[in-house]
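What follows is a single structure, written as structure tokens, with notes after it.
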Amino acid sequence: LNVTMVGVAVEGSHPNLMQILYPDQGRTRSLYVYHEQEQEIISWYNAIRGCKYYRYRVSLLSPEELLRLPLTYDFAVCGWLAKTGPNQTEAWQRRWCFLLRRSLFYCAGFMEPRPRGEIWLGQRPAYSVSAGPPPGFRKKVKPAGQHVFTLSTPDRDYVFSADSAAACQQWLTAIDNLLDSSPTPQDCLYSMTRSNCAPGPHRSLQPACTPSVRLATPQSPTACPPSVRLAHTAVSNPPATPSVRLAHTAVSNPPATPQCAPGPHRSLQPACHPPSVRLAHTAVSNPRLAAQPPLLVLHGLFGMARNWRSVAKALARNHSPIICADLRNHGDSPHHQDMSVAAMVGDVRQFIEQQLDATPVHLLGHSLGGKVAMRTALLHPQLVRSLIVVDASRRSPAAPSRVGFAASWS
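Under UniProt numbering, the residue at position 140 of the sequence shown is numbered 140, and the numbers go up by one with no gaps.
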């Protein structure tokens with residue numbers, strides 16, 4: 001999803017016009033929205049950027065890495081160009097074009113909901129841009145636009161004609177600068193999710209829905225609903241291992257160890273290891289089943305292992321054993337002033353290594369437990385056979401004002 005203000009960039013359009021681009025069945029769809037009040041459209045613009053920011057916060061990025069992520073992108077260049085087809089026999093067609101991230105979009109007209117085509121731009125030497133037509137080009141240049149440039153891709157050469165020398169040079173400079181940079185992993189993933197960016201011959205995108213949409217007017221047509229691909233998680237069925245007896249609940253106080261430096265946790269690999277506590281836990285096993293790798297369940301904020309007792313019994317009908325652990329400061333586990341995720345990850349690592357003899361587990365985490373489970377799988381992959389995350393928390397328990405409880409409970 002991307003949002004950009006195009007009113008100030010396009011002469012003759014509404015000054016408060018905003019363009020929203022989003023994927024729709026392997027293609028890029030645009031919505032055009034405007035409001036007479038500047039403050040209203042700016043509020044919507046910032047609201048969309050805020051939603052993207054909070055979505056990024058769910059990831060395992062540090063605050064410094066999060067601040068470096070661009071929330072939205074503006075057009076590098078946009079304007080009218082004349083374009084001809086690959087056979088040099090097609091007529092010149094006037095197209096509205098814009099360069100966004102690593103894609104050049106060309107549309108039949110301004111405010112079209114779907115582009116006629118999208119050209120994804122990789123890196124030199126497979127992609128290049130040059131002034132003038134390609135070698136052997138036989139078509140006469142359109143009289144209204146004598147300034148031609150060629151965009152070469154592994155599939156074909158795209159020939160465009162600008163209205164002025166300044167406009168032609170602007171496109172050449174913008175594309176040149178883009179080709180000098182390396183595509184990011186996100187750029188490559190984007191190219192694989194667009195049907196017209198896939199390897200092979202270029203395929204034009206014909207409109208499959210209604211014409212352009214102005215959401216600010218009551219007479220606007222209804223936009224095609226975007227498709228949604230549902231995410232899912234799965235647990236594999238690994239080979240059986242020796243059986244595990246019903247575990248017991250235990251509480252102990254570990255010896256004091258040096259604390260980490262004050263301040264919020266900033267990296268995935270802590271500079272010093274917080275002191276670990278011995279987690280209390282309960283276990284459910286099914287003697288009629290062959291022993292399998294344990295399923296370790298981590299509860300959410302304010303939860304405890306006993307909350308998962310009925311779920312554990314149900315899961316034990318087909319899998320054994322099911323182990324539910326109390327996180328620090330929860331249930332029967334010891335209390336400690338350090339409530340950081342890094343400290344909880346250390347507790348889980350110690351539990352698997354000492355209580356389960358370092359046997360790789362299926363790790364299931366809910367809410368806060370989901371965040372601990374993800375960090376554990378990232379830092380200690382040798383201890384995690386598979387990962388199941390349910391409603392993972394994106395907030396830190398070290399920020400009481402944002403989660404509503406005192407992190408200094410002891």
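No residue lacks a Cβ here, since even glycine has one placed at the ideal position from N, Cα and C.
Residue state for Gln37 is assigned as coil, using DSSP reduced to three classes. From the listed residues Pro294, Val372, Asp338, the smallest Cα separation to Asp357 is found for Pro294.
Secondary structure in the UniProt domain "PH" (74-180): the alpha helix (DSSP H) runs of 4 residues or longer, each lying completely within the stretch, are 165-179 in chain order.
If the five residues before and after Tyr34 are omitted, its C-beta is found closer than 6 Å to the C-beta atoms of His14, Asn16, Leu17, Ala216, all from its own chain and listed in chain order. Of the other Cβ atoms in all chains shown, fewer than 16 fall within 10 Å of the Cβ of Gly12; this residue is therefore exposed. In terms of Cα proximity to Phe149, the closest of Arg114, Leu378, Ser130, Ala9 is Ser130.
Beta-bridge annotation (DSSP): Gln382 is not paired with any residue. Per the coordinates, the alpha-carbon of Gly132 lies some 16 Å from the alpha-carbon of Gly85.
Taken through DSSP and simplified to helix, strand or coil, Thr4 comes out as strand.
Relative to Gly7, the option among Arg138, Ala162, Phe75, Cys324 whose CA is nearest is Phe75.
For the stretch 269-327, the full-length alpha helix (DSSP H) segments reaching 4 residues or more read 309-315 along the chain.
A direct Cα-to-Cα measurement between Tyr127 and Tyr158 gives close to 11 Å. Here DSSP, grouped into helix, strand and coil, assigns Met339 to coil. Only buried fits Asp347, as 16 or more other CB atoms lie within 10 angstroms of its CB.
A straight-line Cα-Cα distance of about 30 Å links Gln39 and Tyr106. About 6 Å separates the CB atoms of Trp80 and Trp96; that is less than 8 Å, so the two are in contact. Taking each of Ser285, Pro113, Pro70, Ser152 in turn and checking the Cα distance to Pro135, the smallest one comes out for Ser152. A distance below 8 Å between beta-carbons, with the five flanking residues on each side excluded, links Thr376 to the following residues of its chain, in chain order: Val345, Val348, Arg349, Leu363, Leu383, Val384. Taking C-alpha positions only, Gln37 is separated from Leu21 by approximately 22 Å.
In the structure shown, the three-state DSSP call for Gln19 is strand. When the beta-carbon positions are compared, Gly369 and Leu327 come within less than 8 Å of each other. Comparing alpha carbon positions, the residue from Leu298, Leu289, Asp338 closest to His319 is Leu289. The Cβ-Cβ distance between His366 and Cys324 does not fall below 8 Å.
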